[in-house]
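Reviewing the structure listed below.
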Amino acid sequence: MPNKTTSSASLGEKVSPSSEFKKQATVKSMAEYKRLYAESVSDPEKFWNAQAKELLFWRKPWKQTLEWKEPQAKWFVGGKLNVCENCVDRHVGTPRENKAALIFEGEPGDQQTLTYKQLHVEVCKFANVLESRGIKKGDRIAIYMPMTCEAVVAMLASARIGAIHTVIFGGFSSESIKDRVNDCQAKLVVTADGGWRRGSVVDLKMHVNRAIQDCPTVETVVVVKRIGNTRVSMKTGRDYWYHTVMEGASHKHTAKAFDAETPLFILYTSGSTGKPKGVLHTSGGYLLGTTMTSKYVFDLKDSDTYWCTADIGWITGHSYVTYGILSNGATNLIYEGAPNYPDVNRFWDIVERHRVTIFYTAPTAIRAFMKWGDHHVKKHDLSSLRLLGSVGEPINPEAWKWYYKTIGGGRCPIVDTWWQTETGAIMITTLPGAAYSKPGSAGLPFFGVVPKVFNDAGEEVKKGESGKLVLTQPWPSMLRGLYGDRKRYKETYWSEYKGIYFCGDGCRQDKDGYFWIVGRIDDVLNVSGHRIGTAEVESALVSHGAVAESAVVGRPHELKGSAVVCFVTLKEGVEPTDELRRELREHVGEEIGAIAKPDEVRFAPALPKTRSGKIMRRLLKDIAAGREIAQDTTTLEDLNVVKALQKG
Ligand code: WTA
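Below, the structure is given as structure tokens:
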């Protein structure tokens, strides 16, 4: 007997799309999904070859679809294209040219719309500006910007001239900017005189000024006048106002064709050890992955107004604000500010005013809206919405159901999308017109993706059992490496199981083939949908003069997913005071950024270690969560340490 399937009113374990949605969807049935999926994995090269021809504009065809020398993939070898031309130029001269490409809303309420034709002009001008500052193919440029049209223009202009951008999230500190700029040796930085966040000014230029005192490779800083900040200090001969250099720039720029494997961007993301690693993506494969998933997963149509709430500082902002969405010629809304400014209904106000049809956000935001109460939502007409998306962390069924009923009015399918900075594009989800959803499960593999759940010995576990999530086939939008660190690339992703990509997540697959992501099983925390390495927070803490040693773990948190809990031992003679606690929180904020600030700092006389000197993290996790200690403590060097920690 088939399992119970529900459409809207009473939510059972399966929720199917309505027949109206199915009828208009790109993929209309499970049978169609299964047929396409089978094609995509039985002869992947044939499949990707056809998709690349259909979805992208190439200047020169490729000779070979995939060259796979594990763990190094090259896709569309010998093919040439220009990523920016695909996202912008190809819509100009078509009926799309006068439709809005970007609709910007600033936190204070100011608005700007750029049609594809206007976006083309801006991008050409900025490409000329970059070239006039000596930026060439392969040079790195850093973008540290609020969510504005200029930020997207900067990314596209970089792509247009074959430069490599690294976008640094506007919430990161000067120290983080410095590390990233120096790691990739950026020659130019694009920033703004500030941005708005919850009514306050984020002083971006000041952070850049501090950071690049120690960045010898930076020759030019281009500054967008966003807020009219009079305190901004500009250095003659290095710093230029965006509006001034744009004024003199030609709007004509010929896009060159670049090899499909030309690096497109580096995006730094946290790992389980050391400093953030620079995930490298290249052009053809990445653009294909993001274009195709945008089209199928978001069911994008020319009539849609799409809004993804992610900042361009994260991979979601790269793939599903800039590249995948614009490549499809869609109308893309971007919003600068906080979801609760001036009031907690800001998002719904935006959806109503702009008649947003597709809305993509993170579970942490959904849980916050739930807590703030339905009445803030009910004030708004959200009938324009037709599809909802979720990304960044597992969505708990309760939040899923609230999202479905209260935001989607029981009418909109939800695509829960599992993927990573490294995968470049969505890997697991339910195609909205084809498959039913199960609240809490990301769903089924996207075309060409072959996920499996392995045990430690590298065998596939039985359905229903938990294990480690791996991807067994190369895919076009996969990372090509970690910038400047081949060894770390291999060790991080390809050494757990030989020749197979391990993503760092725990998972189980149910009898229907649906994947349920359990969360990170390495030393990476997912705090409000953002990856934070415990090692990074630990090294930030020990860089403070009072700290001798630290261990950082996550504790389940109702809104944030994970809270950051730090166990700290102090240097001889330092007093453990509340004042010091506050100081350490601020210190981590300055070293990394506000998102990494500890929720709790616990002082301890010593940390629990094995006889071989390894910190026993599982035990600390149990202590942080107030759970009973599950771990065998016989290897513990000193049992008294645990007693002291539990008391503290
Ligand atoms: C987690 C964000 C469950 C996961 C696109 C992954 C998710 C990490 C989901 C990547 C989801 C992302 N369900 N977990 N739908 N989406 N994750 O690189 O732990 O910032 O490994 O990329 O987020 O985070 P990243």
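If you use the numbering used here, the sequence shown closes out at 670, no skipped numbers anywhere.
Even for Gly, the Cβ is constructed at its ideal location relative to N, Cα and C.
Proximity of the beta carbon of residue 335 to the ligand WTA is not indicated: no heavy atom of the ligand is located closer than 7 Å. In the DSSP annotation of this structure, the continuous segment of the beta strand (DSSP E) that includes residue 186 starts and ends at 186 to 189. The beta carbon of residue 65 sits no closer than 7 Å to any heavy atom of the ligand WTA. The continuous beta strand (DSSP E) containing residue 299 extends over residues 299 to 304. Taken in chain order, the complete beta strand (DSSP E) segments of 3 or more residues contained in the region 504 to 541 are 523 to 531.
Beta-bridge partners of residue 610 (DSSP): none assigned.
For the 8 Å CB-CB criterion, residue 315 and residue 346 form a contact. Judged by their CB atoms, residue 294 and residue 544 are nearer to each other than the 8 Å cut-off. Out of 254, 228, 237, 611, the CA that lies nearest to the CA of residue 586 is found in 611. The C-beta distance from residue 492 to residue 522 rounds to 5 Å, short enough to meet the 8 Å contact threshold.
Between the region 164 to 177 and the region 243 to 256, the count of Cβ pairs shorter than 8 Å is three or higher; the stretches touch. Closest in alpha carbon position to residue 139, among 348, 551, 614, is 348. Boundaries of the beta strand (DSSP E) around residue 473: 473 to 476. Of the residues assessed, residue 113 falls on the buried side of the cut-off, its CB having 16 or more other CB atoms within 10 angstroms.
The beta carbon of residue 428 lies closer than 6 Å to those of 396, 399 in the same chain, with the five residues before and after it left out. For residue 645, the enclosing alpha helix (DSSP H) has its first and last residue at 639 to 647. The C-beta distance from residue 124 to residue 141 rounds to 6 Å, short enough to fall under 8 Å.
Only residues of its own chain outside the window of five on either side were considered, and among them 547, 548, 549, 576 have a CB closer than 6 Å to the CB of residue 584, listed in chain order. Ranked by Cα distance from residue 404, the options 384, 417, 378, 389 are led by 378.
When the Cα atoms are used, residue 530 and residue 207 turn out to be separated by approximately 41 Å. Between the ligand WTA and residue 525, a heavy atom-to-CB distance of less than 7 Å is present.
Under the DSSP assignment, residue 290 falls in the beta strand (DSSP E) whose first and last residues are 285 to 291. For residue 578, the secondary structure class from DSSP, reduced to helix, strand or coil, is strand.
Residue 411 is positioned such that its CB atom lies no closer than 8 Å to that of residue 452. DSSP places residue 137 in the strand class (E or B) of the three-state scheme. With a threshold of 7 Å, the Cβ atom of residue 514 does not count as near the ligand WTA, since no heavy atom of the ligand is closer than that. According to DSSP, residue 409 shares a beta bridge with 380. Residues 361, 362 of the same chain have their beta carbon placed closer than 7 Å to that of residue 368, with the five preceding and five following residues left out of the count. Counted as a single uninterrupted DSSP element, the stretch harbouring residue 624 is not any alpha helix (DSSP H) but the beta strand (DSSP E) occupying residues 622 to 625. Inclusion of residue 447 and residue 341 in the CB contact set at 8 Å is warranted, their separation being smaller than that value. By the Cβ neighbour-count rule, residue 182 is buried, with 16 or more other Cβ atoms within 10 Å of its own.
A contact between stretches requires three or more CB pairs, one per stretch, nearer than 8 Å, and the region 271 to 287 meets this requirement with the region 95 to 107.
Bounds of the beta strand (DSSP E) holding residue 592 are 583 to 592. Residue 145 sits close to residue 179, with the two beta carbons spaced by under 8 Å.
Rounded to the nearest angstrom, the gap between the Cα atoms of residue 116 and residue 526 is 43 Å. Around the Cβ of residue 444, a 10 Å sphere holds 16 or more other Cβ atoms; the residue is buried.
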